[in-house]
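Colleague:
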Amino acid sequence: MTVTQLKPTLGTLHLWGLAVGLVISGEYFGWSYGWGTAGTLGFLVTTLMVAVMYTCFIFSFTELTTAIPNAGGPFAYSLRAFGVTGGMIAGLATLIEFVFAPPAIAMAIGAYLNVQYPSLDPRVAAIGAYIVFMTLNILGVSIAATFELVVTVLAVAELLVFMGVVAPGFSFSNFVLGGWAGSDTFSLPAISGIFAAIPFAIWFFLAIEGAAMAAEEAKDPKRTIPRAYVAGILTLVVLAIGVMIFAGGVGDWRALSNINDPLPQAMKAVVGNNSNWMHMLVWIGLFGLVASFHGIILGYSRQFFALARAGFLPPSLAKLSRFQTPHRAILAGGVVGILAILSDGLVNLQGMTLTAAMITMSVFGAIVMYIVSMLSLFKLRRSEPNLERSFRAPGYPIVPGIALVLAVVCLVAMVWFNLVICGIFLCLMAAGALFCKVVRSRGAVVAVAS
């Protein structure tokens with residue numbers, strides 16, 4: 001089988017749009033579940049800890065991305081550092097992260113539309129979103145990335161507008177009331193809540209690393225990717241902290257926890273149900289969800305493509321369409337996502353909503369991938385000291401070490417508080433490894449591009 005390399009067409013601005021767009025839905029929904037677990041003050045502590053982890057991780061991860069620009073991203077780095085086993089762990093974990101995040105986002109799109117059209121079933125809207133944006137991704141990466149950039153800019157602007165509109169109704173006393181896991185005082189339950197809320201703080205930043213999967217399609221990746229990543233993580237940290245604080249101070253924050261549309265509901269408390277600001281937030285707010293949904297479809301398709309190209313998944317998933325996009329890989333992830341949406345209401349995991357369960361599952365994949373990626377960075381520094389590194393992790397080994405330690409802390413806390421979902425995650429990893437082994441036994445492995 002002849003495998004075609006992906007075509008480089010993306011510049012710095014496109015990559016910034018992809019890095020921020022992949023994540024920005026996390027500012028619109030999902031994070032408020034952390035309030036229900038840790039309270040506003042407890043979740044603020046969790047978010048600051050996770051922000052430090054992500055900042056250190058991105059500055060370290062960029063070294064790998066620029067040294068090994070490959071569509072497989074973490075899979076390619078870990079395969080080069082640790083061989084087949086390391087590559088398989090990173091690749092499967094990344095797949096779980098990127099395949100289980102879109103159903104959660106699609107359900108949030110449905111929830112936002114349901115605010116305007118109460119008779120519209122959110123699941124129908126979610127499945128419709130899959131059909132529309134899988135089609136757009138199949139039509140070409142340049143078209144997809146340009147669309148991603150436009151909706152990301154609109155989504156960032158909308159978050160700034162949200163903060164400006166609700167600012168007059170902000171009260172610090174509202175934000176801190178019962179802020180420690182429902183209590184006004186810091187206590188043992190507050191500490192427990194801080195760690196239990198980790199998945200929802202990670203949701204603020206989850207998938208920013210997905211821009212690495214567009215590295216083969218980037219023009220001059222050794223220059224464009226570092227610029228996009230650094231600007232991207234700074235953008236997201238500012239937006240995450242700002243949105244959370246302003247939303248928490250406009251009224252009773254408990255009413256915003258455990259729902260899929262906290263920003264419209266927070267704005268409603270300030271401007272009322274029928275304000276033009278309210279309608280604008282719902283409609284333009286969809287751009288934030290669409291940006292992440294669309295971008296993560298691009299991300300999971302490149303991971304399927306890279307694993308198939310390297311012989312870990314069936315080679316048919318590495319075939320490119322006449323638009324030079326991995327159309328079969330795009331469809332494969334869509335099938336999984338649509339099945340997850342259809343299971344809403346049929347499956348109960350630890351009393352979680354489908355959205356919360358999908359977020360937690362996705363975060364498990366992300367954290368495992370972060371750990372393996374940082375270990376790959378340390379390993380390649382020793383085993384390949386002469387590898388061309390146009391960007392070197394600042395503060396090495398301290399900065400990547402901080403990212404690694406905090407990622408391990410997050411993983412331990414997540415296992416402790418989410419045993420059922422952890423068990424399902426491990427079963428998915430084991431089944432995936434067995435499937436990869438069967439596929440590999442039937443064909444040769446293609447070498448990863450350096």
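In terms of our numbering, the sequence shown opens at residue 1 and continues consecutively.
Just so it is clear, CB atoms sit at the ideal spot from N, CA and C, and this is done for glycine as well.
#1: Drop a sphere of 10 angstroms on the beta-carbon of cysteine 427, count the other beta-carbons inside from all chains shown, and report buried for 16 or more, exposed for fewer.
#2: Going by beta carbon distance, what residues of the same chain come within less than 6 Å of glycine 288, once the five residues before and after it are set aside?
#3: Assess, as a yes-or-no matter, whether the segment 14-24 is touched by the segment 139-152 under the definition of 3 or more beta carbon pairs within less than 8 Å.
#4: Just to confirm before moving on: does the CB-CB distance between valine 453 and valine 250 stay below 8 Å?
#5: Excluding the 5 residues preceding and the 5 following glycine 365 in the sequence, name in chain order all residues of the same chain whose CB lies nearer than 6 Å to its CB.
#6: Measuring alpha carbon to alpha carbon, tell me which residue in Ser390, Ala129, Gly87 and Tyr117 is nearest isoleucine 109.
#7: Taking only runs that begin and end inside the segment 158-225, name each unbroken alpha helix (DSSP H) of 4 or more residues, in chain order.
#8: Pull up the distance between the alpha-carbon of glycine 232 and that of leucine 434, whole angstroms please.
#9: Does DSSP put leucine 10 in a helix, in a strand, or in coil?
#10: Here's the rule: buried if 16 or more other CB atoms are within 10 angstroms of the residue's CB, otherwise exposed. What is tyrosine 117?
#11: If you draw a straight line from the C-alpha of valine 438 to the C-alpha of alanine 393, how long is it?
#12: State the DSSP-derived secondary structure class of threonine 325, mapped to helix, strand or coil.
#13: Tell me the rounded alpha-carbon separation between valine 115 and tyrosine 33.
#14: Report the CB separation of isoleucine 371 from leucine 406 in whole angstroms; it is logged as a contact under 8 Å.
#15: Give the straight-line distance between the Cα atoms of alanine 329 and serine 321, rounded to the nearest whole angstrom.
#16: Examine the Cβ distances between the segment 291-308 and the segment 324-339 and report whether three or more of them are shorter than 8 Å.
#17: Would you report the Cα separation of valine 415 and isoleucine 421, rounded to the nearest angstrom?
Modeller: So, from the data block:
#1: By the 10 Å Cβ count, cysteine 427 comes out exposed.
#2: For glycine 288, same chain residues with a beta-carbon under 6 Å away, outside a window of 5 residues either side, are Ile24, Ser25, Tyr28 and Ala155 in chain order.
#3: By the Cβ criterion, the segment 139-152 is in contact with the segment 14-24, since at least three pairs of Cβ atoms, one from each stretch, lie closer than 8 Å.
#4: No answer is possible for residue 453: it lies beyond the span of the chain, which begins at 1 and ends at 450.
#5: Residues of the same chain with a CB within less than 6 Å of the CB of glycine 365, apart from the 5 flanking positions on each side, are Ala93, Ile96 and Glu97 in chain order.
#6: Of the listed residues, the one whose Cα sits closest to isoleucine 109 is Ala129.
#7: As far as the segment 158-225 is concerned, its whole alpha helix (DSSP H) runs of at least 4 residues are 172-176, 188-196 and 198-202.
#8: Approximately 36 Å between the Cα atoms of the pair.
#9: Looking at leucine 10 - three-state DSSP - the assignment turns out to be strand.
#10: By the neighbour-count rule (16 or more Cβ atoms within 10 Å), tyrosine 117 is not buried but exposed.
#11: Approximately 37 Å between the Cα atoms of the pair.
#12: In the structure shown, threonine 325 adopts coil according to DSSP, grouped into three states.
#13: One C-alpha to the other measures close to 19 Å.
#14: Their Cβ separation, rounded to whole angstroms, is 10 Å, which puts isoleucine 371 and leucine 406 out of contact at 8 Å.
#15: The straight-line gap from Cα to Cα measures roughly 11 Å.
#16: Of all C-beta pairs linking the segment 291-308 to the segment 324-339, three or more are shorter than 8 Å, placing the two stretches in contact.
#17: Straight through space, the alpha carbons of isoleucine 421 and valine 415 are spaced by roughly 8 Å.
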